[in-house]
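Peer 1:
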Amino acid sequence: MKSRWLISQPCCALLVVISGAVQAASTEGLVYEPATGNYVLSYDCGSSDGVLSTTIIPANKVSPAVESAFEVVQSQYDYGGEFIQYRYTVSMGASSRQPLLMFAFEAVRPVFGIVAPPPPAMLNGASLTDVKKYQRDALESAPSDWKVFQATTYAGGSRVGWMRGLSSPAFVAGAKQQGFTFKSADLPGVAVAQFVGDQAGTWQFPCESPGSDTQVGRDLEVLERNNYVPRFAAAPLINYDHTSIGTLKALRGHLSQLVQWQLIDGAFATQFSVYLSDSIAKLEKGDRAGATLPLASARVALRSKYPLLESETVINAVPPSPIPVSPVDEIRKIVTDYDRVLAARVLDFDVDYVLRQLAEPDVDVSDLVISPP
Amino acid sequence: MKKPLFRIVIMLAIMTSSSSLIAAEQGFVVVDFEQFEDTTVCPTYYSDWGAHFSAAILRTGNGDGSVEPSTRDKEQLTSVVAEVTDCEGNPQSDIEVEITVVAVDGSGGHAGPHVLPRPPGGLRASGSNDPVSESIVRMSDTSGQIQMQFVPPEVAGRHAITARCVAIECFAPDVPLSVEVKVDGLAAISPLPTFYTLTEYLQQPIGQNIGDNTKHDGENHYLTPEATGVLMKVAFYYAAEYAARWGQFPEKLHINDASLPSGGLFDYSGTWVYTKGASHFEHRRGTVVDIRANELLGAVPPSPDADRMFMRAAATAGAQATREYAKRVPRHPNEHYHLRLRGARE
Numbered sequence: 001m002k003s004r005w006l007i008s009q010p011c012c013a014l015l016v017v018i019s020g021a022v023q024a025a026s027t028e029g030l031v032y033e034p035a036t037g038n039y040v041l042s043y044d045c046g047s048s049d050g051v052l053s054t055t056i057i058p059a060n061k062v063s064p065a066v067e068s069a070f071e072v073v074q075s076q077y078d079y080g081g082e083f084i085q086y087r088y089t090v091s092m093g094a095s096s097r098q099p100l101l102m103f104a105f106e107a108v109r110p111v112f113g114i115v116a117p118p119p120p121a122m123l124n125g126a127s128l129t130d131v132k133k134y135q136r137d138a139l140e141s142a143p144s145d146w147k148v149f150q151a152t153t154y155a156g157g158s159r160v161g162w163m164r165g166l167s168s169p170a171f172v173a174g175a176k177q178q179g180f181t182f183k184s185a186d187l188p189g190v191a192v193a194q195f196v197g198d199q200a201g202t203w204q205f206p207c208e209s210p211g212s213d214t215q216v217g218r219d220l221e222v223l224e225r226n227n228y229v230p231r232f233a234a235a236p237l238i239n240y241d242h243t244s245i246g247t248l249k250a251l252r253g254h255l256s257q258l259v260q261w262q263l264i265d266g267a268f269a270t271q272f273s274v275y276l277s278d279s280i281a282k283l284e285k286g287d288r289a290g291a292t293l294p295l296a297s298a299r300v301a302l303r304s305k306y307p308l309l310e311s312e313t314v315i316n317a318v319p320p321s322p323i324p325v326s327p328v329d330e331i332r333k334i335v336t337d338y339d340r341v342l343a344a345r346v347l348d349f350d351v352d353y354v355l356r357q358l359a360e361p362d363v364d365v366s367d368l369v370i371s372p373p
Numbered sequence: 374m375k376k377p378l379f380r381i382v383i384m385l386a387i388m389t390s391s392s393s394l395i396a397a398e399q400g401f402v403v404v405d406f407e408q409f410e411d412t413t414v415c416p417t418y419y420s421d422w423g424a425h426f427s428a429a430i431l432r433t434g435n436g437d438g439s440v441e442p443s444t445r446d447k448e449q450l451t452s453v454v455a456e457v458t459d460c461e462g463n464p465q466s467d468i469e470v471e472i473t474v475v476a477v478d479g480s481g482g483h484a485g486p487h488v489l490p491r492p493p494g495g496l497r498a499s500g501s502n503d504p505v506s507e508s509i510v511r512m513s514d515t516s517g518q519i520q521m522q523f524v525p526p527e528v529a530g531r532h533a534i535t536a537r538c539v540a541i542e543c544f545a546p547d548v549p550l551s552v553e554v555k556v557d558g559l560a561a562i563s564p565l566p567t568f569y570t571l572t573e574y575l576q577q578p579i580g581q582n583i584g585d586n587t588k589h590d591g592e593n594h595y596l597t598p599e600a601t602g603v604l605m606k607v608a609f610y611y612a613a614e615y616a617a618r619w620g621q622f623p624e625k626l627h628i629n630d631a632s633l634p635s636g637g638l639f640d641y642s643g644t645w646v647y648t649k650g651a652s653h654f655e656h657r658r659g660t661v662v663d664i665r666a667n668e669l670l671g672a673v674p675p676s677p678d679a680d681r682m683f684m685r686a687a688a689t690a691g692a693q694a695t696r697e698y699a700k701r702v703p704r705h706p707n708e709h710y711h712l713r714l715r716g717a718r719e
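Note that the protein sequences, when read in sequence, are chains D and P. Each step along the first sequence adds one to the number in this note's numbering, with nothing skipped, and position 32 is 32. Each step along the second sequence adds one to the number in this note's numbering, with nothing skipped, and position 6 is 379.
What follows is the structure in structure tokens.
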């Protein structure tokens with residue numbers, strides 16, 4: 001049985017599926033076929049149809065890598081101010097078996113500098129000219145052959161990403177693209193970027209898709225939830241707060257996520273968290289100057305722990321696994337040195353940003369000695 | 374000294390996570406004892422009737438006497454308390470009471486004719502593993518109470534719970550307490566006539582709801598407001614993709630079944646129970662909608678180009694689109710997009 005990886009029913013290896021047509025089958029199951037990377041789904045359609053099978057083409061046959069960059073830039077407007085600019089470079093690994101359709105971040109903080117669709121209240125008045133203009137703007141504010149999008153998700157978070165133009169040449173193995181950019185008032189954290197391969201259309205079922213009351217339906221649901229390739233990238237997750245207290249609390253909360261993803265180790269996270277808590281406590285007492293010392297110590301500790309912090313980017317693209325148990329498990333499989341350095345850079349950047357906000361931008365961390373918080 | 378007359382009050386309480394008093398709204402008979410000169414005995418007013426009973430909801434989980442429908446995987450338990458008192462409000466133990474639950478005809482969007490008796494959910498004594506029943510008989514305990522659980526059915530709608538003494542005559546209010554089995558927060562899909570339509574306007578009589586059937590006339594277009602927002606984005610993004618490619622607006626999306634007004638099982642064939650080919654497995658919580666995609670006028674055309682455009686529009690909005698009843702030869706008339714607006718199954 002080496003040639004097939006069975007999700008549920010071993011008997012399903014007997015199925016024969018001809019691409020593009022619905023076939024009768026004997027038993028239910030979701031069977032992975034390593035040769036194609038596809039799945040054969042067989043399930044009971046009820047009534048006289050019986051068990052039918054169809055081919056499911058997942059969108060995870062891409063092997064992308066993403067480099068994140070983030071920096072403070074000054075507003076070009078008269079009222080001054082600054083914000084964070086995020087930039088990404090995406091490359092497709094040689095093992096990619098699909099073109100890249102899109103990549104997106106879920107539930108990030110508000111972003112700007114890219115085109116947004118009209119709000120729902122204005123949609124009804126949208127003319128053909130308006131719609132065409134939106135589509136053109138979405139293409140023009142993205143790298144060539146890509147269009148950018150942002151939308152509020154069902155849960156109310158912000159979703160932002162880029163999709164390959166419908167008529168553009170396919171973005172295939174070996175391709176590399178830079179220039180994916182947006183701005184935000186909020187600071188970076190480490191997020192999961194979802195990379196979606198072009199599966200050339202929707203999944204097609206011979207009747208209603210199998211419900212979660214059956215094993216085959218539950219297997220399919222796992223595949224649905226993981227129908228992308230996750231990669232770590234910096235994204236606006238840490239809210240900017242002019243008092244810095246909210247920012248430090250958000251950063252402290254983000255540490256547990258980084259530990260869960262094994263991007264930093266638990267012991268260091270605990271130490272780092274204590275530095276942040278110490279600074280927060282001082283800020284809450286109005287001691288802005290005193291709040292800077294633990295933050296500076298945190299930066300020193302970070303650089304001691306992660307000497308790679310200043311190193312060049314390392315990209316280790318890995319091929320996707322066939323069907324991850326859960327997104328978290330999948331992410332753990334792909335943690336690379338680059339990802340750990342990315343997490344350290346994010347922490348360093350955010351703490352440094354807060355230090356500058358506290359009007360102590362010139363603290364020389366090299367002169368400081370790590371002291372117990 | 375007058376001998377106190379016997380008065381029994383049976384009170385039903387539906388409790389989930391919090392409590393509130395809505396007895397008056399639910400038909401609780403409120404008796405003003407101050408009007409009687411001798412408050413140490415039962416009012417003679419009642420003596421003409423013999424023994425008396427009343428029923429009321431004392432507390433509800435979310436304050437409006439509602440509970441979510443059960444699903445195939447999970448029973449949505451909620452507690453019911455019946456209380457027996459004499460006419461002075463003193464708890465009475467060892468009174469045998471029958472508690473019955475009945476689903477109200479036509480409620481929950483199931484006004485059309487259905488083929489089987491409507492499942493009313495069921496009751497069971499608290500702490501027992503008894504199978505649920507539409508009617509149970511229990512003795513009141515030393516506090517005058519009977520503790521039960523109400524297990525709502527998969528089908529949403531209003532349910533009436535009544536109490537009746539078994540061995541003696543009781544008074545009961547004319548209006549039984551009602552419990553609304555529903556998914557909170559569903560609302561009719563907001564119109565967006567530039568990009569989608571909820572009514573037939575080409576082949577069918579103007580104004581007829583798409584997907585109407587005699588079982589659920591005009592009741593099939595309910596979503597959460599958040600889901601409607603995502604639907605609007607999908608329709609807009611699809612139009613934008615289409616316009617960029619073909620230079621004109623596509624046919625408006627034809628919105629088929631979403632959810633019923635109170636959610637719960639959408640048995641489009643009127644069977645009351647989930648049956649493959651006769652019910653939607655999802656479409657229960659207002660986050661899933663079907664979009665016409667067959668060879669009828671007003672459908673997303675069954676072409677690879679249109680399919681890719683629709684898939685891209687859904688992905689952009691964070692929704693998940695699949696095509697059902699597809700790849701049939703000849704094409705199946707039910708072919709449609711199954712659009713999960715929160716990007717995942719319900």
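Note that CB positions come from ideal geometry on N, CA and C, so glycine has one too. Owing to the predicted nature of the structure, the values given are computational and were not obtained by experimental measurement.
Exposed or buried, which one is residue 121 (chain D) when buried takes at least 16 other CB atoms within 10 Å?
Peer 2: Along the first sequence, read from residue 1 onward, the residue named residue 121 (chain D) stands at position 121. Residue 121 (chain D) comes out exposed.
Peer 1: On the DSSP bridge assignment, give the partners of residue 326 (chain P) in chain order.
Peer 2: Because chain P in this structure spans residues 374 to 719, residue 326 (chain P) falls outside the shown range and cannot be described.
Peer 1: In three-state terms, what does DSSP make of residue 415 (chain P)?
Peer 2: For this step, residue 415 (chain P) is matched to residue 42 along the second sequence. In this prediction, residue 415 (chain P) has a pLDDT of 46, which is less than 50 and means its spatial position is unreliable; nothing more can be read from the coordinates.
Peer 1: Regarding residue 567 (chain P) and the ligand SAH, is the C-beta to nearest heavy atom distance less than 8 angstroms?
Peer 2: What this structure holds is no ligand at all, so the ligand SAH is not there to describe.
Peer 1: Taking C-alpha atoms, which residue in P:551, P:695 and P:596 lies nearest to residue 560 (chain P)?
Peer 2: If you number the second sequence from 1, residue 560 (chain P) lands on position 187. Of the listed residues, the one whose Cα sits closest to residue 560 (chain P) is P:596.
Peer 1: Who are the Cβ neighbours of residue 182 (chain D) in its own chain at under 6 angstroms, not counting the five residues just before and after it?
Peer 2: On the first sequence, position 182 is the one that residue 182 (chain D) refers to. The residues are 86, 111, 113 and 114.
Peer 1: According to a CB-to-CB cut-off of less than 8 angstroms, which residues of the region 665 to 684 of chain P neighbour chain D?
Peer 2: 677, 680, 681, 682, 683 and 684
Peer 1: Roughly how many angstroms lie between the CA atoms of residue 315 (chain D) and residue 265 (chain D), to the nearest whole one?
Peer 2: Here residue 315 (chain D) refers to the residue found at position 315 of the first sequence. Here residue 265 (chain D) refers to the residue found at position 265 of the first sequence. With a pLDDT of 44 at residue 315 (chain D), under the threshold of 50, the modelled position of that residue is not reliable, and no figure is offered here.
Peer 1: From D:273, D:184, D:348 and D:146, pick the residue whose C-alpha is nearest to that of residue 307 (chain D); which is it?
Peer 2: As a working note, residue 307 (chain D) is residue 307 in the first sequence. Per the Cα distances, D:348.
Peer 1: Applying the criterion that 16 or more other CB atoms from any shown protein chain within 10 Å of the CB defines a buried residue, is residue 619 (chain P) buried or exposed?
Peer 2: Along the second sequence, one-based indexing puts residue 619 (chain P) at 246. Answer is exposed; the Cβ neighbour count stays below 16.
Peer 1: Comparing C-alpha positions only, which one of P:550, P:625, P:691 and P:706 sits nearest to residue 668 (chain P)?
Peer 2: Here residue 668 (chain P) corresponds to residue number 295 of the second sequence, with the count starting at 1. Checked all of P:550, P:625, P:691 and P:706; the closest Cα to residue 668 (chain P) is P:706.
Peer 1: Does the Cβ-Cβ distance between residue 611 (chain P) and residue 682 (chain P) come in under 9 angstroms?
Peer 2: On the second sequence, position 238 is the one that residue 611 (chain P) refers to. On the second sequence, position 309 is the one that residue 682 (chain P) refers to. In this structure, residue 682 (chain P) lies closer than 9 angstroms to residue 611 (chain P) by Cβ.
Peer 1: Which residues in chain P sit within 7 angstroms of residue 153 (chain D), going by Cβ to Cβ distance?
Peer 2: Counting from 1 along the first sequence, the entry for residue 153 (chain D) is found at position 153. Chain P residues near residue 153 (chain D): 691.
Peer 1: Determine the burial state of residue 587 (chain P): buried for a count of at least 16 other Cβ atoms within 10 Å of its Cβ, exposed for fewer.
Peer 2: Position 214 of the second sequence, counted from the start, is the residue given in the question as residue 587 (chain P). Its Cβ having fewer than 16 others within 10 Å, residue 587 (chain P) is exposed.
Peer 1: Which of helix, strand or coil does DSSP assign to residue 642 (chain P)?
Peer 2: By one-based count along the second sequence, residue 642 (chain P) stands at place 269. The answer is coil: DSSP assigns residue 642 (chain P) none of H, G, I, E or B.
Peer 1: Across which residues does DSSP place residue 146 (chain D) in a beta bridge pair?
Peer 2: Within the first sequence, residue 146 (chain D) is the residue found at index 146, counting from 1. DSSP output for residue 146 (chain D) lists D:164 as bridge partner(s).
Peer 1: Got a sec: is the Cβ-Cβ distance from residue 539 (chain P) to anything in chain D below 9 angstroms?
Peer 2: Within the second sequence, the letter at position 166 stands for residue 539 (chain P). So, not an interface residue.
Peer 1: By Cβ distance below 6 angstroms, which residues in the same chain neighbour residue 525 (chain P) in space, the five residues on each side in sequence not counted?
Peer 2: Start at 1 with the first residue of the second sequence, and residue 525 (chain P) comes out as number 152. Counting only Cβ-Cβ distances below 6 angstroms, and skipping sequence neighbours, we find 440, 442, 443, 449, 494 and 554.
Peer 1: Closest to residue 125 (chain D) by C-alpha separation, out of P:646, P:653 and P:609, would be which residue?
Peer 2: Looking up residue 125 (chain D) in the first sequence gives position 125. The option with the nearest alpha carbon to residue 125 (chain D) is P:609.
Peer 1: At a CB-CB cut-off below 7 angstroms, which residues of chain D make contact with residue 703 (chain P)?
Peer 2: Numbered from 1 along the second sequence, position 330 holds the residue referred to as residue 703 (chain P). Going along chain D, no residue has its Cβ under 7 angstroms from residue 703 (chain P), so there is no contact; the nearest lies around 12 angstroms.
Peer 1: I need the boundaries of the beta strand (DSSP E) containing residue 238 (chain D), first residue and last residue.
Peer 2: The sequence position of residue 238 (chain D) within the first sequence is 238, counting from 1. Start and end: 229 to 238.
Peer 1: Please classify residue 156 (chain D): does DSSP put it in a helix, a strand, or coil?
Peer 2: For the purposes of this step, residue 156 (chain D) is taken as residue 156 along the first sequence, with counting starting at 1. In the structure shown, the three-state DSSP call for residue 156 (chain D) is coil.
Peer 1: Can you give me the start and stop residues for the alpha helix (DSSP H) that residue 179 (chain D) sits inside?
Peer 2: Your numbering for residue 179 (chain D) matches position 179 in the first sequence. Element bounds for residue 179 (chain D): not the alpha helix (DSSP H) but the beta strand (DSSP E), 176 to 184.
Peer 1: Assign residue 92 (chain D) to buried or exposed, taking buried as 16 or more other Cβ atoms, counted over all protein chains shown, within 10 Å of its Cβ.
Peer 2: Mapped onto the first sequence, residue 92 (chain D) falls at position 92. Buried is the call here.
Peer 1: Output, in chain order, the set of chain D residues within a Cβ distance shorter than 9 angstroms of residue 523 (chain P).
Peer 2: As a first step, residue 523 (chain P) must be located in the second sequence, where it is residue number 150. Correct list: empty, because the minimum Cβ distance to chain D is about 23 angstroms.
Peer 1: Less than 9 angstroms between the C-beta atoms of residue 236 (chain D) and residue 195 (chain D), yes or no?
Peer 2: In the first sequence, residue 236 (chain D) corresponds to position 236, counting from 1. In the first sequence, residue 195 (chain D) corresponds to position 195, counting from 1. It is not a contact, given that the beta carbons lie outside the stated cut-off.
Peer 1: Between residue 606 (chain P) and residue 690 (chain P), how many whole angstroms is the CB-CB distance? I'm expecting something under 8 angstroms.
Peer 2: As a first step, residue 606 (chain P) must be located in the second sequence, where it is residue number 233. As a first step, residue 690 (chain P) must be located in the second sequence, where it is residue number 317. Indeed they touch by this definition, with Cβ atoms about 4 angstroms apart.
Peer 1: Could you give the residue range of the alpha helix (DSSP H) that holds residue 245 (chain D)?
Peer 2: Position 245 of the first sequence holds residue 245 (chain D). The continuous alpha helix (DSSP H) containing residue 245 (chain D) extends over residues 245 to 260.
Peer 1: Output the distance between the C-alpha atoms of residue 517 (chain P) and residue 454 (chain P), rounded to the nearest integer angstrom.
Peer 2: Translated into positions along the second sequence, residue 517 (chain P) becomes position 144. Translated into positions along the second sequence, residue 454 (chain P) becomes position 81. Straight-line Cα distance between these residues: approximately 10 angstroms.
Peer 1: Please determine, among D:29, D:123 and D:39, the residue with the shortest C-alpha to C-alpha distance to residue 227 (chain D).
Peer 2: Along the first sequence, one-based indexing puts residue 227 (chain D) at 227. Comparing Cα-Cα distances from residue 227 (chain D) to each of D:29, D:123 and D:39, the minimum goes to D:39.
Peer 1: Taking all protein chains shown into account, decide if residue 741 (chain P) is buried (16 or more other Cβ within 10 angstroms of its Cβ) or exposed.
Peer 2: Past the edges of chain P, shown from 374 to 719, lies residue 741 (chain P), and the structure says nothing about it.
Peer 1: Is the Cβ of residue 442 (chain D) closer than 9 angstroms to any Cβ of chain P?
Peer 2: Past the edges of chain D, shown from 1 to 373, lies residue 442 (chain D), and the structure says nothing about it.
Peer 1: In chain order, what residues of the region 191 to 221 of chain D put their CB closer than 9 angstroms to some CB of chain P?
Peer 2: 196, 198, 199, 200, 201, 202, 203, 204, 205, 206, 207, 208, 209, 210, 211, 212, 213, 217 and 221
Peer 1: Excluding sequence positions up to five away, which residues of its chain have a Cβ less than 7 angstroms from the Cβ of residue 109 (chain D)?
Peer 2: Your numbering for residue 109 (chain D) matches position 109 in the first sequence. These residues qualify, in order along the chain: 158, 184, 186, 236, 237 and 239.
Peer 1: Considering residue 533 (chain P), what are the terminal residues of the alpha helix (DSSP H) in which it resides?
Peer 2: Position 160 of the second sequence holds residue 533 (chain P). First-last for residue 533 (chain P): 530 to 538, but that is the beta strand (DSSP E), not the alpha helix (DSSP H).
Peer 1: Nearest CA to the CA of residue 221 (chain D): which residue from D:24, D:234 and D:30?
Peer 2: As a working note, residue 221 (chain D) is residue 221 in the first sequence. The residue with the shortest Cα to Cα distance from residue 221 (chain D) is D:30.
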